[in-house]
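Enquirer:
Listed below in structure tokens is the structure:
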């Protein structure tokens with residue numbers, strides 16, 4: 012019950028962002044919904060930090076995080092599901108802004 016109330020309060024506080032998200036077609040929403048990718052990245056960072064309990068400087072923490080992400084990114088070769096369909100929707104919706112980057 013408590014978490015449901017927290018979710019409602021969070022959604023109301025961030026309604027503009029959420030409303031913008033739901034304004035996109037389903038193909039685009041599926042492509043930009045990245046919870047699993049973010050959770051995976053957080054897991055990589057947590058694991059790297061837990062292995063080394065003490066860091067002499069803040070810079071050493073940054074280096075460990077950078078190297079962990081760099082190492083993990085080698086394994087991220089799985090394509091996004093239905094990317095071509097989503098990309099065609101991106102071109103329809105944002106063609107003028109997107110064509111510069113293609």
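In the numbering used here, the protein residues as written are 12 to 113. Backbone N, C-alpha and C define an ideal beta-carbon position, used for all residues, glycine too. Note that the structure is a prediction, hence the values are computed from the model and not measured.
Would the region 39-59 and the region 76-94 be scored as touching if the rule is three or more Cβ pairs under 8 Å?
Expert: Verdict: yes, contact present.
Enquirer: Are three or more beta carbon pairs between the region 94-103 and the region 24-41 nearer than 8 Å?
Expert: Flag = yes, the region 94-103 and the region 24-41 touch.
Enquirer: For my contact list, residue 97 and residue 75 are in at a C-beta cut-off of 8 Å; report their separation, rounded to the angstrom.
Expert: The count along the chain shown starts at 1 and reaches residue 97 at position 86. The count along the chain shown starts at 1 and reaches residue 75 at position 64. That belief does not hold up - the Cβ atoms of residue 97 and residue 75 are roughly 34 Å apart, past 8 Å.
Enquirer: Classify residue 93 as helix, strand or coil using the three-state DSSP reduction.
Expert: Residue mapping note: residue 93 aligns to position 82 of the chain shown, counting from 1. Residue 93: coil per DSSP, three-state reduction.
Enquirer: Just to confirm the assignment: which complete alpha helix (DSSP H) runs, minimum length 4, are found wholly within the region 20-92?
Expert: If we require 4 residues or more, the alpha helix (DSSP H) runs fully inside the region 20-92 come out as 26-34, 37-43, 46-62, 69-84.
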